[in-house]
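Here's the structure, in structure tokens; my notes come after.
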Amino acid sequence: MPCNQRRLHLPFPRLRELNRKGERMPAITINHAREHIGEQVTIQGWLYNKRSSGKILFLQVRDGTGVIQAVISAVDTSALFDQAEGLTRETSLVMRGTVRADDRAPTGCELQPTSIDVIHSPDVPFPIDLKEHTPGFLMDQRHLWIRTGRQVPILRIRDAVFRAFRQFFHDRGFIATEAPILTGTSVEGTTTLFELDYFGDKAYLSQSGQLYLEATAMALGNVYWIGPAFRAEKSKTRKHITEFWIAEAEMAFCDHAANLEIQEQLVSYIVDFVAGERKQELQQLGRDPAALRAQVKLPFPRIDYADAVDRLSKAGHDITFGDDFGAPHEATLAEMFGRPVFVERFPSAMKPFYMKRDPKDEARVLGADLIAPEGYGEIIGGSQREDSYAALVAHMEEQKLPLDAYQWYLDLRRFGSVPHAGFGMGMERVVTWLCGAAHIREAIPFARQINRLYP
RNA sequence: UCCUCGGUAGCUCAAUUGGCAGAGCGCUCGGCUGUUAACCGAAUGGUUGGAGGUUCGAGUCCUCCCCGGGGAGCCA
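Note that the working numbering numbers the first sequence so that position 76 is 81, with each residue one more than the last.
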């Protein structure tokens, strides 16, 4: 689908487009105001800020797509001026007026209003001031914080990242599918799960849809989904939330090398898509769309785990073969390459049972992590899956997993097992990286953290 | 779970050696014809996270607890 068609916005019914004389003044969104210079329009939004200078008054109105400044002169329209002077922040309103080009406005245009209809006027001050606040306070007010400042562009970029992921796989003939959220067993056995009561039995919130996607891939071929994942780990870092959105793909008749190729194409596609559709939002966040595009030029470097350990060791890290990477190691690798980098062929002892062992070296797996630039950490974990029944059972016994609970999964290797591979991408980590955000909690509307379940 | 920093007005922060509880912002009122977190003036605003202790006297020192920020481990 060409880009210009994707950007088409179809009309839908909007409230209060008629002025008091009954003439239609079409409702527009603020991001399209520049296309309506000289026209009479309706803008529906909320008062973001107000400044007054005696006989001239400025209303900054936001509508989710942007902010426009309405200019009201007491000399020209004293009744409107008096009305506007009494408005408080976050009053919801409908403004009608003429769009005027003005170089003094950051967006190049302003509104000269002829009328303002107040929909609702708050009777207490809006809690989020236009100044510095502490993260704890802002997270307590998250339902209101998302209206302000950087939060709106971040959430608009999040939308584009999700859309790009789906578009990428849809365009390649993958089938969108779903995995269950409620499960009876752990996917990986080791990490902590949220447990709940299921009609007297124990059930768990899914930490990944992967095993189910493997089953679906054997039915449909190539599949993908974006779904929630839950980890009851008591992590307190800028990279962790307990409920996050995982984007997963699983491909039948696919090996490790092809798995990495599709991952790098995907990441490159997402960045390109976002840099195109959300250029303005990226710039509002201080991100350079061209620089992001340059970071994801194909192909991404691939380094062997042993090579990575070697490089880290030479860079001064205390790490030897067999150790897992921590955050400082990922940051150093990211700094060395300045772009996304695959670390592949980890020791099998540190990876889950479902990863296929490297036929050339049974002590290694055919899996890779993709490390994001700028210290944003691991954004993708993927692998070729073990397709041999005997090998899979052996791995599970090594890791002391209950074979009974995994009989359905073992069936996939009993009935027409094929080489297959897949991966999972942490959507909030991708959004955090693209937005240059300081913390993952800003990359999701309502973050769930170890000590935060409100709002 | 561990390490570390913090909790004072609605918000962001000061308070010297243990000696009268302060400012900016917001809200309200007044002023200002191009403001960009506007600016200027006035007024408002306090159980210093909680409990106990030391002291003539505790925001400040001690003990315990609660809450939050940052980080580690684990992971996406």
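Even glycine gets a Cβ: it sits at the ideal position worked out from N, Cα and C.
Keep in mind that this is a model prediction, so the values were computed, not measured.
TYR359 counts as buried, since no fewer than 16 other beta carbons sit within 10 angstroms of its beta carbon.
Within 10 angstroms of the beta-carbon of ARG67 lie 16 or more other beta-carbons, which makes it buried. Restricting attention to ALA257, LEU92, GLN285 and GLU266, the CA atom closest to the CA of PRO158 is found in GLN285. If you draw a straight line from the Cα of LEU415 to the Cα of LEU216, it comes to about 10 angstroms. PHE17 and ASP363 have their C-alpha atoms roughly 55 angstroms apart.
Around ARG344, the same chain offers GLN300 and PRO378 as residues with beta carbons nearer than 6 angstroms, after the five sequence neighbours per side are excluded. Judged by their CB atoms, ILE246 and ALA234 are not nearer to each other than the 8 angstroms cut-off. PRO233 is bridged by DSSP to TRP250. In terms of Cβ geometry, PRO294 and LEU287 form a close pair [threshold 8 angstroms]. Within the segment 102-186, the runs of alpha helix (DSSP H) that reach at least 4 residues and sit entirely inside it are, in chain order, 140-145, 147-150 and 156-176.
Distance between ALA368 and ALA354, taken at the CA atoms: about 7 angstroms. Residue pairing by DSSP places GLN454 opposite ARG457 in a beta bridge.
For LEU375 and GLY431, the gap between their C-alpha atoms comes out near 11 angstroms.
Per DSSP, LEU375 lies in no alpha helix (DSSP H) segment; the continuous beta strand (DSSP E) that holds it begins and ends at 372-377. Taking all protein chains in view, the Cβ of HIS125 is surrounded by fewer than 16 other Cβ atoms within 10 Å, so the residue is classified as exposed.
In the displayed model, TYR274 falls within a helix according to three-state DSSP. In the DSSP assignment, SER57 forms a beta bridge with LEU62.
Under the three-state reduction of DSSP, GLY429 is assigned to strand. Of ASP145, LEU135 and ARG147, the smallest CA-CA separation from GLY154 is found for LEU135.
Between LYS60 and ALA79, the beta carbon gap of about 4 angstroms places them in contact (Cβ cut-off 8 angstroms). Annotation: ASP202 to MET144 spans about 29 angstroms, alpha carbon to alpha carbon. When the Cα atoms are used, ALA75 and ARG94 turn out to be separated by approximately 14 angstroms. Annotation: the segment 291-332 contains the following complete segments of the alpha helix (DSSP H) (minimum length 4 residues), in chain order: 294-300 and 310-319.
Inter-segment contact for the segment 235-245 and the segment 384-402 is absent: fewer than three beta-carbon pairs are separated by less than 8 angstroms.
A straight-line Cα-Cα distance of about 7 angstroms links ALA208 and THR190. In the displayed model, LEU406 falls within coil according to three-state DSSP, outside both helix and strand. Taken atom to atom, the span from the alpha-carbon of PHE131 to that of GLU137 is near 15 angstroms. Closest option to THR221, judged by alpha-carbon separation, among MET256, PHE204, PHE249 and ARG236: MET256. Where SER78 is concerned, the enclosing beta strand (DSSP E) starts and stops at 72-78.
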